[in-house]
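Residue numbers for the sequence shown follow numbering that gives the first Met the number 0, beginning at 0 and rising by one.
In this text, a Cβ means the ideal position worked out from N, Cα and C, and glycines have one as well.
Just so it is clear, the structure is predicted and the values come from calculations on it, not from any experiment.
Below is one structure, written out as structure tokens; the observations come after it.
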Amino acid sequence: MAEIRMAVIGVGRMGLTHAENLAHRVRGAWLVAVTTSREERAAEARLRCGEVAVYPTLEALLAAERLDAVVIASSTSAHADNVERCAAAGWHIFCEKPLTRYGHDLRVEVIGEEGAVQVGRFRHTPVRLLDRRGVHHDMARTTPERLGEAFVTELRAFVDCVVRDIEPPVTGHDSRATVAVGIAATRSMHEGRAVNMTELMT
Numbered sequence: 000m001a002e003i004r005m006a007v008i009g010v011g012r013m014g015l016t017h018a019e020n021l022a023h024r025v026r027g028a029w030l031v032a033v034t035t036s037r038e039e040r041a042a043e044a045r046l047r048c049g050e051v052a053v054y055p056t057l058e059a060l061l062a063a064e065r066l067d068a069v070v071i072a073s074s075t076s077a078h079a080d081n082v083e084r085c086a087a088a089g090w091h092i093f094c095e096k097p098l099t100r101y102g103h104d105l106r107v108e109v110i111g112e113e114g115a116v117q118v119g120r121f122r123h124t125p126v127r128l129l130d131r132r133g134v135h136h137d138m139a140r141t142t143p144e145r146l147g148e149a150f151v152t153e154l155r156a157f158v159d160c161v162v163r164d165i166e167p168p169v170t171g172h173d174s175r176a177t178v179a180v181g182i183a184a185t186r187s188m189h190e191g192r193a194v195n196m197t198e199l200m201t
């Protein structure tokens with residue numbers, strides 16, 4: 000399998016996870032660079048990934064490296080701009096979610112005589128039980144522990160698509176359709192009417 004030259008933009012917790020996976024667990028990927036302006040993050044990236052070039056900014060990376068693909072794991076507020084700039088450079092892009100700060104929150108609460116069950120976006124666990132003895136929830140493992148193999152698998156699939164020059168199973172159209180459903184639901188709530196998806200998908 001041919002190797003593709005890759006960089007990780009942003010090496011916070013998720014960026015370091017992706018960088019380490021690319022360096023050691025994803026066949027066909029050659030991690031050549033990361034970006035960070037923090038020296039301790041640069042040192043951690045080199046420790047976990049071996050010798051990689053470290054650039055303080057995306058601008059420096061764009062000027063210095065010829066890449067095939069990037070993983071964007073920068074701060075959420077920078078994702079959209081980073082995607083546009085990397086696309087303009089002709090690089091294949093794997094963007095850590097979310098693409099922007101907008102999202103639709105889903106919460107459910109069931110209340111009964113003896114207490115309540117809440118399901119939603121809590122910091123450490125998706126389900127809480129409230130009763131006369133207090134608030135109870137499972138001890139949640141951290142994201143890398145729960146999803147470590149999924150992170151490797153998604154990068155392997157991405158690299159395979161780049162190497163074989165094939166479209167990924169989840170396309171930009173799928174992402175756009177998902178966002179459109181959220182927009183339609185919000186519009187329906189505000190306008191008090193059914194919103195036909197053709198209004199948004201033209």
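Any idea what DSSP makes of Gly-89, helix, strand or coil?
coil
What are the start and end residues of each continuous beta strand (DSSP E) run of 3 or more residues lying completely inside the stretch 148 to 183, in chain order?
none
Enumerate in chain order the residues of its own chain whose CB-to-CB distance from Val-158 is below 7 Å, with the five nearest sequence positions on each side excluded.
For Val-158, where only same-chain residues beyond five positions count, the Cβ hits under 7 Å are Ile-3, Val-25, Gly-27 and Ala-28.
Looking at Val-10: is its Cβ nearer than 8 Å to the Cβ of Val-33?
Cβ distance < 8 Å, so Val-10 and Val-33 count as in contact.
Of the residues Cys-94, Gly-191 and Glu-19, which one's Cα is nearest the Cα of Gly-202?
Shown here, the chain extends from 0 to 201; a query on residue 202 therefore has no answer.
Under 8 Å, with one C-beta from each stretch per pair, do the stretch 43 to 56 and the stretch 169 to 189 reach the 3-pair mark?
no
Using only alpha-carbon positions, find the residue among Pro-55, Glu-50 and Met-188 that is nearest to Ser-36.
Pro-55
Less than 8 Å between the beta carbons of Val-7 and Leu-30, yes or no?
yes
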